[in-house]
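For the sequence shown, position 534 matches number 545 in this note's numbering, and the numbering has no gaps at all.
Quick reminder that beta carbons are idealized off the backbone N, C-alpha and C, glycines included.
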Amino acid sequence: MHILGISAFYHDSAAALIKDGKIVAAAQEERFTRKKHDPSFPSHAVSFCLDYGGIGVEDLAAVVFYDKPLLKFERLLETYYAFAPRGLKSFLSAIPVWIKEKVFLKKLIRDELHKIGDGAAKRVKLLFTDHHLAHAASAFFPSPFAEAAILTIDGVGEWATASIGHGRDNDITILKEMRFPHSVGLLYSAFTHYLGFRVNSGEYKLMGLAPYGDPDSEQVRRYREAILTHLVDVKEDGSIWLNQDYFDYTTGLSMVQDDKWAAIFGFPRRTPETALEQRHGDLAYAIQQVTEEIVMKMARTAQRLTGAKNLCLSGGVALNCVANGKLLRSGDFADIWIQSAAGDAGGALGAALAIYHMYCRQPRRTSDRDKMQGAYLGPEFDELEILGMAKKYGAPYRRAESTAALSTTVAGYLAEGKAVGWFQGRMEWGPRALGNRSILGDARNKEMQKRLNLKIKFRESFRPFAPSVLAEDTAEYFETEAPSPYMLLIADVRKERRNSLPPDYHQQPIRDKLYFVRSDVPAITHLDFTARLQTVHRETNPRFWELLRAFKERTGYGVIVNTSFNVRGEPIVCTPEDAYRCFMRTDMDYLVVGDFIFTKAEQPAWKEKDNWQEEYGLD
């Protein structure tokens with residue numbers, strides 16, 4: 012039985028295919044169209060999933076959409092009515108789009124499937140799941156747990172903005188919901204907006220900025236007090252009430268009332284690309300702390316309601332790896348598991364799994380390992396396709412004789428301080444590069460963070476980089492032994508590896524803080540001595556594991572820098588051609604695609620006049 016799940020029309024459109032409950036393929040549309048967070052119908056992702064599965068539209072038992080548009084339309088109408096006449100202009104522009112595209116979504120989906128399946132779409136069963144059920148299913152059903160509490164936190168689904176579920180075997184029961192307009196995700200997005208980053212894209216920047224705040228400062232205390240006094244009332248069960256006098260997202264005009272926020276925080280909304288100041292870091296720290304407290308309270312409520320010892324997390328807020336790390340360290344649960352594509356893209360997978368297990372009543376079997384196959388669920392490319400790319404660009408290359416020889420060679424490049432584009436196997440599912448579409452560097456190199464940010468990624472200098480570490484060596488570098496295969500947990504760098512901070516550290520400008528050498532692995536040690544780590548397991552990615560092992564043999568360190576293979580504003584690369592173009596337009600030293608090594612110094616001059624800053628809108 013093949014079931015296709017689809018998420019689309021809001022942001023991060025995606026498709027996922029399962030067969031008899033096993034995940035066959037999954038991918039986001041942005042990787043094919045090269046439009047970051049592409050919301051359009053995922054025709055390329057659907058075609059890929061079907062092709063990889065060796066089936067056509069006519070072979071599908073069902074196609075499942077990840078929310079119920081009529082319920083969402085109901086919420087839209089009721090919200091505009093509640094806040095009328097405010098938002099009339101937004102209402103008049105939004106309603107025609109909804110009526111044309113989203114109220115009649117069933118027809119639109121069938122029309123798009125018709126283009127792919129040549130008329131077979133008429134015969135395919137089309138189903139819809141609740142948005143938060145799709146999220147919950149994406150977290151629980153692939154997890155290794157037979158029973159778990161499920162916590163979903165995002166911006167908003169149909170009405171729900173957070174939900175607590177109880178997963179047992181092949182069933183999920185939603186026990187409690189928090190409803191729009193009160194939303195943890197929208198609260199965090201409002202601060203993302205106020206600090207000059209793009210909503211639904213820059214929330215991870217806000218999380219990365221938070222450690223620049225001074226935790227002991229009076230300013231942080233005042234910001235926190237202002238948040239809890241004016242903006243949000245946090246209840247003991249983790250539910251929240253947002254004071255809509257300070258927000259504007261209900262009517263689609265803006266995220267916040269700029270003047271009112273400036274009055275309570277003492278400075279105006281930061282505009283994109285302007286300099287970051289200490290007050291920005293302090294405000295980011297304050298809202299991160301409030302968010303973590305809310306998540307902790309919600310999780311404890313989930314445990315109380317379910318009695319479960321394990322927890323599954325989903326929804327966009329589940330990508331807040333700082334909160335995830337603190338939740339794991341709290342000891343409230345024996346273990347937690349987070350869907351690698353926790354945001355809207357993951358809803359495509361969850362929708363398919365929900366129908367298979369709950370609608371079709373198919374059994375579910377668990378083991379010690381999750382069912383995500385390391386999240387390597389996207390396209391892969393063979394030797395002929397790689398050679399075709401090389402021929403197209405006249406790109407000289409060398410071919411490694413074996414995996415061992417490739418690992419030894421690339422480990423040598425990294426040890427010499429070189430930046431390496433690493434393109435292997437199937438593309439990752441989710442927003443993190445996990446060693447198949449990655450840019451790699453030496454974590455020991457104190458200049459690596461600056462170089463990767465400014466000369467290769469072309470992004471803000473404050474942004475941290477994540478480590479990939481041999482799973483068996485995790486405890487040598489970090490104060491945890493917990494697996495983190497999807498780069499969704501923060502861990503502290505071991506105390507013995509840290510350098511002492513100067514007495515005036517928190518009074519220094521942000522730039523000076525950034526370049527202070529904080530440990531013996533400075534390229535991956537953030538300002539608060541934490542790192543967003545990926546544990547690399549031989550079972551799920553033997554080639555990447557072999558590279559780390561070779562680097563350890565060369566240097567004594569089983570940890571390297573791993574950042575996504577893209578420039579700022581660009582989706583992660585999908586094809587060998589995407590990889591080569593990114594390689595040539597940046598200061599990467601080497602590109603490794605499969606067994607083929609491309610040396611920058613040997614490549615022909617890049618003659619294309621395209622400009623990545625114009626091609627990709629900055630996020």
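Item to check | Presumed contact (8 Å Cβ cut-off) between Gly-446 and Ala-38, rounded CB distance | outcome: By 1-based counting over the sequence shown, the position of residue 446 is 435. By 1-based counting over the sequence shown, the position of residue 38 is 27. With 8 Å as the limit, Gly-446 and Ala-38 do not qualify as a contact, their Cβ atoms being about 17 Å apart.
Next on the checklist: Any contact between the stretch 591-603 and the stretch 475-483? By contact I mean 3 or more CB pairs, one from each, below 8 Å.
Outcome noted: no
Checklist entry - Just checking, does the stretch 453-468 make contact with the stretch 402-414 on the three C-beta pairs under 8 Å criterion? => result no
Item to check | Candidates Arg-509, Phe-527, Arg-508 and Glu-507: closest to Tyr-516 by CA position | outcome: If you number the sequence shown from 1, residue 516 lands on position 505. Comparing Cα-Cα distances from Tyr-516 to each of Arg-509, Phe-527, Arg-508 and Glu-507, the minimum goes to Phe-527.
Checklist entry - Bridge partners of Phe-139, per DSSP? => result Locating residue 139 in the sequence shown gives position 128, counting from the first residue. For Phe-139, which the question treats as bridged, DSSP gives the partners Phe-76.
Checklist entry - If we ignore side chains and look at the alpha-carbon of each, how far apart do Asp-71 and Leu-544 end up? => result Numbered from its first residue, the sequence shown carries residue 71 at position 60. Numbered from its first residue, the sequence shown carries residue 544 at position 533. The identity of residue 71 in the sequence shown is Leu, whereas the question assumes Asp. Roughly 38 Å separates the two Cα atoms.
Checklist entry - Between the beta-carbon of Gly-423 and the beta-carbon of Ala-145, is there less than 8 Å? => result As a first step, residue 423 is located in the sequence shown; it is residue number 412 there, counting from the start. As a first step, residue 145 is located in the sequence shown; it is residue number 134 there, counting from the start. For Gly-423 and Ala-145, no; Cβs fall outside 8 Å.
Checklist entry - Going by the beta-carbon positions, is the gap between Ile-607 and Ile-397 smaller than 8 Å? => result Residue numbering aside, residue 607 sits at position 596 when the sequence shown is read from its first letter. Residue numbering aside, residue 397 sits at position 386 when the sequence shown is read from its first letter. Residue 607 is actually Phe in this sequence, not Ile. In this structure, Phe-607 lies near Ile-397, with their beta-carbon atoms less than 8 Å apart.
Checklist entry - Taking the beta strand (DSSP E) that Asp-227 falls in, what are its first and last residues? => result Locating residue 227 in the sequence shown gives position 216, where the first residue counts as 1. Premise fails: Asp-227 is in no beta strand (DSSP E) and is neither H nor E.
Next on the checklist: By the DSSP assignment, the beta strand (DSSP E) with Val-421 in it spans what residues?
Outcome noted: As a position in the sequence shown, residue 421 is number 410, starting the count at 1. Looking at the DSSP string, Val-421 is not in any beta strand (DSSP E); the run it does join, the alpha helix (DSSP H), is 414-426.
Checklist entry - Can a CB atom of chain B be found closer than 8 Å to the CB of Met-599? => result Of the chains in the structure shown, none is chain B; there is only one protein chain.
Checklist entry - So the alpha helix (DSSP H) Asn-335 belongs to, where does it begin and stop? => result Start at 1 with the first residue of the sequence shown, and residue 335 comes out as number 324. 332-341 is the extent of the alpha helix (DSSP H) around Asn-335.
Item to check | Cβ neighbour criterion (16 or more within 10 Å) applied to Glu-458 | outcome: Counted from its first residue, the sequence shown places residue 458 at position 447. Glu-458 is exposed by the Cβ-count criterion.
Item to check | Best match in Met-369, Val-74 and Leu-220 for proximity to Val-57 [C-alpha to C-alpha] | outcome: The residue you call residue 57 lines up with position 46 of the sequence shown. With respect to the C-alpha of Val-57, the residue from Met-369, Val-74 and Leu-220 having the closest C-alpha is Val-74.
Item to check | Residue closest to Glu-69, alpha-carbon to alpha-carbon, out of Leu-15, Leu-330 and Ala-295 | outcome: Looking up residue 69 in the sequence shown gives position 58. The option with the nearest alpha carbon to Glu-69 is Leu-15.
Next on the checklist: Please report the straight-line C-alpha distance between Thr-317 and Ile-161, rounded to a whole angstrom.
Outcome noted: Taking the first residue of the sequence shown as 1, we reach residue 317 at position 306. Taking the first residue of the sequence shown as 1, we reach residue 161 at position 150. Going from the Cα of Thr-317 to the Cα of Ile-161 covers about 9 Å.
Item to check | Best match in Thr-184, Ala-171, Asp-141 and Phe-52 for proximity to Leu-3 [C-alpha to C-alpha] | outcome: Nothing about residue 3 can be read from this structure; the chain reaches only from 12 to 630.
Checklist entry - When DSSP builds the beta bridges, which residues end up paired with Phe-489? => result On the sequence shown, position 478 is the one that residue 489 refers to. Its beta-bridge partners are Val-504.
Next on the checklist: Can you check which of these residues, Lys-468, Asp-589 and Met-595, is closest to Arg-42 by C-alpha distance?
Outcome noted: Position 31 of the sequence shown, counting from 1, holds the residue named residue 42. Closest by alpha carbon: Asp-589.
Next on the checklist: Using 8 Å for Cβ pairs, my map puts Leu-425 next to Ile-571. What's the rounded Cβ distance?
Outcome noted: Translated into positions along the sequence shown, residue 425 becomes position 414. Translated into positions along the sequence shown, residue 571 becomes position 560. With a Cβ gap of about 6 Å, Leu-425 and Ile-571 count as contacting.
Checklist entry - Are three or more beta carbon pairs between the stretch 348-367 and the stretch 575-583 nearer than 8 Å? => result no
Checklist entry - Three-state secondary structure (DSSP) at Leu-364? => result Indexing the sequence shown from 1 puts residue 364 at position 353. Residue state for Leu-364 is assigned as helix, using DSSP reduced to three classes.
Checklist entry - Which two residues bound the contiguous beta strand (DSSP E) that contains Gly-580? => result Position 569 of the sequence shown, counted from the start, is the residue given in the question as residue 580. Note, Gly-580: premise wrong, no beta strand (DSSP E); not H, not E.
Checklist entry - With 16 as the cutoff for other CB atoms within 10 Å, does Thr-285 come out buried or exposed? => result For the purposes of this step, residue 285 is identified with residue 274 of the sequence shown, where counting begins at 1. By the beta-carbon neighbour count (other beta carbons within 10 angstroms, threshold 16), Thr-285 is exposed.
Checklist entry - Counting only runs that start and end within the stretch 551-598, where is the beta strand (DSSP E) found for 3 or more residues in a row? => result 570-575
Checklist entry - If you check the beta carbons only, do His-13 and Phe-152 fall under 8 Å apart? => result In the sequence shown, counting from the first residue as 1, residue 13 sits at position 2. In the sequence shown, counting from the first residue as 1, residue 152 sits at position 141. Contact: no.
Item to check | For Gly-432: DSSP bridge partner residues | outcome: The residue given as residue 432 occupies position 421 in the sequence shown. Answer is Ile-450 and Leu-602.
Item to check | CB of Ala-171 within 8 Å of CB of His-142, strictly | outcome: The sequence position of residue 171 within the sequence shown is 160, counting from 1. The sequence position of residue 142 within the sequence shown is 131, counting from 1. Contact flag set, yes.
Item to check | Residue environment, Asn-335, which counts as buried when at least 16 other CB atoms sit within 10 Å | outcome: Here residue 335 corresponds to residue number 324 of the sequence shown, with the count starting at 1. By the 10 Å Cβ count, Asn-335 comes out buried.
Item to check | Arg-134 versus Gly-178: straight-line alpha-carbon distance, rounded | outcome: Position 123 of the sequence shown, counting from 1, holds the residue named residue 134. Position 167 of the sequence shown, counting from 1, holds the residue named residue 178. Answer to the nearest angstrom: the Cα atoms are 32 Å apart.
Next on the checklist: Only counting the same chain, and skipping five residues up and downstream in sequence, which positions put a Cβ closer than 6 Å to that of Met-595?
Outcome noted: The residue given as residue 595 occupies position 584 in the sequence shown. The residues are Trp-617.
Item to check | Neighbourhood of Trp-556 by C-beta, 6 Å cutoff - its chain only, sequence neighbours within 5 removed | outcome: Start at 1 with the first residue of the sequence shown, and residue 556 comes out as number 545. Counting only Cβ-Cβ distances below 6 Å, and skipping sequence neighbours, we find Val-547 and Arg-549.
Item to check | Backbone CA spacing between Phe-191 and Asp-355 [nearest angstrom] | outcome: Residue numbering aside, residue 191 sits at position 180 when the sequence shown is read from its first letter. Residue numbering aside, residue 355 sits at position 344 when the sequence shown is read from its first letter. Roughly 17 Å separates the two Cα atoms.
Checklist entry - Ordered along the chain, which non-local residues of its own chain (more than five positions away) have a Cβ less than 7 Å from that of His-204? => result Position 193 of the sequence shown, counted from the start, is the residue given in the question as residue 204. Around His-204: Val-210, Met-266 and Val-267.
Next on the checklist: Quick check on the burial criterion: 16 or more other C-beta atoms within 10 angstroms. Buried or exposed for Arg-376?
Outcome noted: As a working note, residue 376 is residue 365 in the sequence shown. Its Cβ having fewer than 16 others within 10 Å, Arg-376 is exposed.
Checklist entry - If you pair each beta-carbon of the stretch 288-308 with each one of the stretch 231-247, do three or more pairs fall below 8 Å? => result yes
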